[in-house]
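Engineer: Under this note's numbering, residues 3 to 624 are what the sequence shown spells out, in order.
Glycine included, C-beta positions come from ideal geometry on N, C-alpha and C.
Please find one structure pasted underneath; my questions will follow.
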Amino acid sequence: MRNHFISGIIILVLGTVFSADVFAEGDTERGEAKYKVCIACHGENGGGRKITNAPRIAGQQSWYLARQLKNFKNGIRGSHYDDITGMQMRPMAMSLVTDQDVEDVVAYIGTLNGRGTHSGVNGDIQAGKSAYALCISCHGANGEGNKALNAPIIAGLPDWYVERQLNNFKRGIRGVNAKDIFGQQMRPMAMTLADKDAVRNVTAYVASLKAGSISKPVTVEASTVVTTVQTPVSEPLYAPCASCHGSEGEGSQKLGAPRLAGQHAWYLKRQLRNWRDGIRGTHVEDIYGMQMRPMAMTLVNDTALNKVVAFIGTLQGTPSKSTIKGNTGTGKASYATCIACHGANGEGNKALNAPKIAGLPDWYVARQLHSFKKGIRGTHKQDVFGMQMRPMAMALANDETINNVAAYVATFTEKLLSVTKEATESPPTEPSTVSIKGSADNGKSLYAVCVSCHGADGSGNKALNAPRISGQMEWYVARQLVSFKSGLRGTHEEDIYGQQMRPMSMTLTNKQSIADVAAYVSTLKGSVSETTIQGDASAGKASYAVCASCHGANGEGSKELNAPKIAGQQDWYVVRQLKNFKKRIRGTDPNDIYGLQMIPMAMTLADDTAINNVAAYISTFK
Numbered sequence: 003m004r005n006h007f008i009s010g011i012i013i014l015v016l017g018t019v020f021s022a023d024v025f026a027e028g029d030t031e032r033g034e035a036k037y038k039v040c041i042a043c044h045g046e047n048g049g050g051r052k053i054t055n056a057p058r059i060a061g062q063q064s065w066y067l068a069r070q071l072k073n074f075k076n077g078i079r080g081s082h083y084d085d086i087t088g089m090q091m092r093p094m095a096m097s098l099v100t101d102q103d104v105e106d107v108v109a110y111i112g113t114l115n116g117r118g119t120h121s122g123v124n125g126d127i128q129a130g131k132s133a134y135a136l137c138i139s140c141h142g143a144n145g146e147g148n149k150a151l152n153a154p155i156i157a158g159l160p161d162w163y164v165e166r167q168l169n170n171f172k173r174g175i176r177g178v179n180a181k182d183i184f185g186q187q188m189r190p191m192a193m194t195l196a197d198k199d200a201v202r203n204v205t206a207y208v209a210s211l212k213a214g215s216i217s218k219p220v221t222v223e224a225s226t227v228v229t230t231v232q233t234p235v236s237e238p239l240y241a242p243c244a245s246c247h248g249s250e251g252e253g254s255q256k257l258g259a260p261r262l263a264g265q266h267a268w269y270l271k272r273q274l275r276n277w278r279d280g281i282r283g284t285h286v287e288d289i290y291g292m293q294m295r296p297m298a299m300t301l302v303n304d305t306a307l308n309k310v311v312a313f314i315g316t317l318q319g320t321p322s323k324s325t326i327k328g329n330t331g332t333g334k335a336s337y338a339t340c341i342a343c344h345g346a347n348g349e350g351n352k353a354l355n356a357p358k359i360a361g362l363p364d365w366y367v368a369r370q371l372h373s374f375k376k377g378i379r380g381t382h383k384q385d386v387f388g389m390q391m392r393p394m395a396m397a398l399a400n401d402e403t404i405n406n407v408a409a410y411v412a413t414f415t416e417k418l419l420s421v422t423k424e425a426t427e428s429p430p431t432e433p434s435t436v437s438i439k440g441s442a443d444n445g446k447s448l449y450a451v452c453v454s455c456h457g458a459d460g461s462g463n464k465a466l467n468a469p470r471i472s473g474q475m476e477w478y479v480a481r482q483l484v485s486f487k488s489g490l491r492g493t494h495e496e497d498i499y500g501q502q503m504r505p506m507s508m509t510l511t512n513k514q515s516i517a518d519v520a521a522y523v524s525t526l527k528g529s530v531s532e533t534t535i536q537g538d539a540s541a542g543k544a545s546y547a548v549c550a551s552c553h554g555a556n557g558e559g560s561k562e563l564n565a566p567k568i569a570g571q572q573d574w575y576v577v578r579q580l581k582n583f584k585k586r587i588r589g590t591d592p593n594d595i596y597g598l599q600m601i602p603m604a605m606t607l608a609d610d611t612a613i614n615n616v617a618a619y620i621s622t623f624k
């Protein structure tokens with residue numbers, strides 16, 4: 003593949019900008035007639051007028067002009083109640099009825115040579131030059147832009163217009179519409195400018211850049227100007243990524259971009275899809291997510307996405323040095339809740355949908371924990387794994403606790419993943435899984451062994467320590483039967499009821515018989531028993547927030563999250579199992595990945611009172 007030189011961060015989409023690519027496919031004569039509507043504000047030569055709040059459009063990039071006109075037409079721009087000049091512009095754009103009308107006007111504007119006039123925005127040019135370093139990799143050292151990165155030319159824009167648009171992006175007047183993907187990309191860039199002085203400084207520096215000649219149209223596919231980053235990248239699709247994440251996937255704290263090298267391919271794919279589909283990057287406070295979303299949308303199909311992920315798998319960027327001061331000893335204790343999914347060494351676990359965190363920058367770990375805690379991440383209804391993660395982050399009491407965890411995670415050593423090993427793409431074999439379709443008719447006769455304890459209708463029997471199994475999910479019943487058979491459950495010396503259950507499961511000689519019994523159990527209609535546990539349901543509701551992420555707000559369970567249904571389960575059985583997890587009577591076998599996951603969840607319940615309260619709350623589920 004040909005080398006691509008990266009000059010990229012994120013695109014300063016400033017509304018009107020200049021390009022070497024000035025002529026669109028359109029009829030200039032027809033466009034001239036349609037341009038008469040524009041003359042009153044933008045002028046006969048397209049130089050613009052401050053008095054009418056109209057920027058210079060002469061020399062404008064044809065692709066950018068067309069995009070903005072369509073955005074105005076479609077209400078993507080000009081619909082915010084504070085965007086008075088945008089609202090003024092919108093009906094003008096709506097006079098262009100068809101796409102051909104747009105192309106005709108754009109073609110005519112390409113023939114204009116008017117020059118804009120600066121108003122003398124008072125700013126520190128040197129300070130602005132320093133701040134412009136964030137803009138340079140896309141817009142170029144001289145503000146020449148880069149079509150390949152959707153970055154317009156900004157050299158030659160009137161300073162008053164640059165200032166206004168930067169403030170509009172900062173205030174959320176622009177860049178918040180879900181369809182304005184490039185505006186969403188620009189907004190977090192503008193938000194890095196701390197105050198009005200910082201905006202003025204950048205504006206003054208941009209005003210000092212010399213616009214190229216527009217007397218003749220010149221075709222330029224992409225900028226070849228080398229700016230702050232000079233990085234050959236052999237995979238063109240990774241080129242926009244390299245501008246922030248680095249040519250070796252090492253990441254950049256300055257740009258808010260985490261390290262990608264060494265991360266699991268399945269996790270990278272999921273997140274790219276989430277950004278592309280708007281599951282991530284749509285929260286108004288997620289400035290880096292909004293920045294990332296349009297980047298993901300450049301991967302127009304799964305073929306492109308897979309290609310980028312495969313290339314990332316070859317990168318060797320090393321972890322960055324620690325930046326967060328925290329108590330690693332205290333962080334280690336807090337990390338106990340994380341181990342079940344992310345692993346003792348932060349290696350991650352695909353079966354539990356937990357990414358690798360070893361090797362991630364500590365500042366990024368801290369930022370994501372804050373985002374989950376604040377609801378910036380993990381609140382989208384389709385982000386099931388983010389919703390699972392959110393209550394885990396909420397268990398971290400304050401910033402100090404988060405910093406301690408991040409500092410501890412930073413101590414993990416890691417090995418880069420090899421793209422040659424399919425094991426990184428495939429989940430481990432799960433001994434407790436049955437995928438065979440069961441026959442309820444056949445399962446009925448096999449259930450005869452179960453009847454004496456669980457009852458003919460599966461309602462259970464406390465006197466025999468047999469829980470209710472009617473109403474439980476078929477896949478979960480099958481999994482537990484396999485777990486008992488294989489020794490994942492029922493082998494701990496203190497699990498006397500599990501030991502009792504194990505020989506019963508061994509009467510099922512193969513997976514088909516297990517599937518048949520599970521199918522029959524799913525047909526049972528045993529009633530819910532009366533409550534037996536005294537507990538404070540209101541207090542239990544608060545504690546249940548940790549449980550809800552997997553088991554659901556109403557205890558309905560989730561196969562995707564490997565969480566059984568707990569609504570309708572006897573309260574005494576819920577109490578027993580929570581205690582078993584806490585005491586490590588259950589969930590200690592290294593192959594019991596879901597039991598291992600449950601242990602730290604149970605340990606969030608401080609004492610028997612807390613356990614009883616949760617059980618009492620679960621009993622309220624219908």
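I want to check one thing, is the minimum distance from the CB of A409 to the heavy atoms of the ligand COA below 6 Å?
Structural biologist: Annotation note on the ligand COA: not contained in the displayed structure, which lists no ligands.
Engineer: Once the 5 residues before and after S551 are set aside, which same chain residues still bring their CB inside 7 Å of it?
Structural biologist: So the list reads M389, Q390, R392 and P393, once near-sequence residues are dropped.
Engineer: Can you grab the Cα-Cα spacing for the pair L466 / C455, in whole Å?
Structural biologist: Rounded to the nearest angstrom, the two C-alpha atoms are 6 Å apart.
Engineer: Decide if K527 is buried, meaning its Cβ has at least 16 other Cβ atoms within 10 Å, or exposed.
Structural biologist: It counts as exposed.
Engineer: Answer yes or no: do E237 and L317 have a C-beta to C-beta separation smaller than 7 Å?
Structural biologist: No; because the gap between Cβ atoms is not below 7 Å, this pair is not in contact.
Engineer: Exposed or buried, I41, counting other C-beta atoms within 10 Å across all chains shown (16 or more means buried)?
Structural biologist: Classification of I41: exposed, given that the 10 Å Cβ count is below 16.
Engineer: Which residue or residues does DSSP assign as beta-bridge partners of Q572?
Structural biologist: BP columns for Q572 are empty, so no partner.
Engineer: Give the straight-line distance between the Cα atoms of D364 and D304, rounded to the nearest whole angstrom.
Structural biologist: Rounded to whole angstroms, D364 to D304 spans 31 Å at the Cα level.
Engineer: Are there 16 or more other CB atoms within 10 angstroms of the CB of P242, so buried, or fewer, so exposed?
Structural biologist: Label assigned to P242: buried.
Engineer: Buried or exposed: where does K327 fall if 16 or more other Cβ atoms within 10 Å of its Cβ makes it buried?
Structural biologist: Under this definition K327 is an exposed residue.
Engineer: Is Y163 buried or exposed, if buried means 16 or more other CB atoms sit within 10 Å of its CB?
Structural biologist: By the 10 Å Cβ count, Y163 comes out buried.
Engineer: Looking at the unbroken alpha helix (DSSP H) that takes in D199, where does it start and where does it end?
Structural biologist: Looking at the DSSP string, the run of the alpha helix (DSSP H) that includes D199 is K198 to S210.
Engineer: Cβ of G125 within 7 Å of Cβ of R202?
Structural biologist: A contact, by the Cβ cut-off of 7 Å.
Engineer: Going straight from the alpha carbon of R32 to that of D101, what length do you get?
Structural biologist: The alpha-carbon atoms of R32 and D101 are separated by roughly 13 Å.
Engineer: By how many angstroms is the C-alpha of M396 removed from the C-alpha of S215?
Structural biologist: Any answer about S215 is weak, because its pLDDT of 39 lies below 50 and its placement is not dependable; what the coordinates show is given next. Roughly 56 Å separates the two Cα atoms.
Engineer: Measuring straight from C-alpha to C-alpha, what distance separates T221 and G61?
Structural biologist: At T221, the pLDDT of 29 sits below 50, so the modelled position is not reliable; the number obtained from the coordinates is stated separately. Their backbone Cα atoms lie some 13 Å apart in a straight line.
Engineer: Using the rule of at least 16 other Cβ atoms within 10 Å of the residue's Cβ for burial, across every protein chain shown, is N512 buried or exposed?
Structural biologist: By the neighbour-count rule (16 or more Cβ atoms within 10 Å), N512 is not buried but exposed.
Engineer: Kindly list the residues whose CB is nearer than 8 Å to the CB of T606, restricted to its own chain and excluding five residues on each side of it in sequence; keep chain order.
Structural biologist: Once the five neighbours on either side are set aside, the close Cβ partners of T606 are T339, A397, S545 and V548.
Engineer: Could you say if the stretch 48-64 and the stretch 116-125 meet the contact criterion of at least three C-beta pairs nearer than 8 Å?
Structural biologist: Enough Cβ pairs lie closer than 8 Å, so yes.
Engineer: Leaving out the 5 sequence neighbours to the left and right, which residues in its chain are closer than 7 Å to W574 when beta-carbon positions are compared?
Structural biologist: The residues are K464, T534 and I535.
Engineer: Which value, in whole angstroms, describes the spacing of the CA atoms of T325 and N47?
Structural biologist: Cα to Cα, the separation comes out at about 53 Å.
Engineer: From A541 to V616, what distance separates their C-alpha atoms?
Structural biologist: Computed Cα separation, rounded: 8 Å.
Engineer: For E424, name the three-state secondary structure that DSSP assigns.
Structural biologist: Because the pLDDT at E424 is just 36, under 50, the model does not fix this residue reliably, and the value given afterwards should be weighed accordingly. Reduced to three states, the DSSP call for E424 is helix.
Engineer: Answer yes if the stretch 167-177 comes into contact with the stretch 77-91, meaning at least three C-beta pairs across the two stretches below 8 Å, and no otherwise.
Structural biologist: Result yes; three or more Cβ-Cβ pairs closer than 8 Å.
Engineer: Suppose only complete runs of 4+ residues qualify. What are the alpha helix (DSSP H) ranges in the stretch 535-612, listed by chain order?
Structural biologist: Taking only runs of at least 4 residues, the alpha helix (DSSP H) segments lying wholly in the stretch 535-612 are 539-545, 547-553, 573-584 and 595-605.
Engineer: Specify, as a first and last residue, the run of the alpha helix (DSSP H) that P505 falls within.
Structural biologist: Looking at the DSSP string, the run of the alpha helix (DSSP H) that includes P505 is I498 to S507.
Engineer: Could you give the distance in angstroms between the alpha-carbon of A555 and the alpha-carbon of P602?
Structural biologist: Straight-line Cα distance between these residues: approximately 20 Å.
Engineer: Taking the C-alpha atoms as reference points, what is the distance between N614 and F583?
Structural biologist: If you take the alpha carbons of N614 and F583, they lie about 14 Å apart.
Engineer: Taking its Cβ as the centre, do 16 or more other Cβ atoms sit within 10 Å of P154, making it buried, or is it exposed?
Structural biologist: Looking at its Cβ environment, which holds 16 or more other Cβ atoms inside 10 Å, P154 is buried.
Engineer: Helix, strand or coil, according to DSSP, for Q102 in the structure here?
Structural biologist: Residue state, collapsed to three classes: helix.
Engineer: Thinking C-beta only, is L580 closer than 7 Å to A604?
Structural biologist: Yes, Cβ-Cβ distance for A604 and L580 is below 7 Å.
Engineer: What residues in its chain sit with their C-beta under 6 Å from that of D183, if we drop five residues either side in the sequence?
Structural biologist: Before going on, a small fix: residue 183 reads as Ile here, not Asp. Excluding sequence neighbours, I183 sits near P296 and M299.
Engineer: On the criterion of 16 or more Cβ atoms from any shown chain inside 10 Å, does I86 qualify as buried, or is it exposed?
Structural biologist: The residue is exposed, with fewer than 16 neighbouring Cβ atoms inside 10 Å.
Engineer: So for R176, helix, strand or coil by DSSP?
Structural biologist: Three-state result, R176: coil.
Engineer: Under a Cβ-count criterion, where at least 16 other Cβ atoms within 10 Å of its own Cβ denotes burial, should P505 be classed as buried or exposed?
Structural biologist: Looking at its Cβ environment, which holds fewer than 16 other Cβ atoms inside 10 Å, P505 is exposed.
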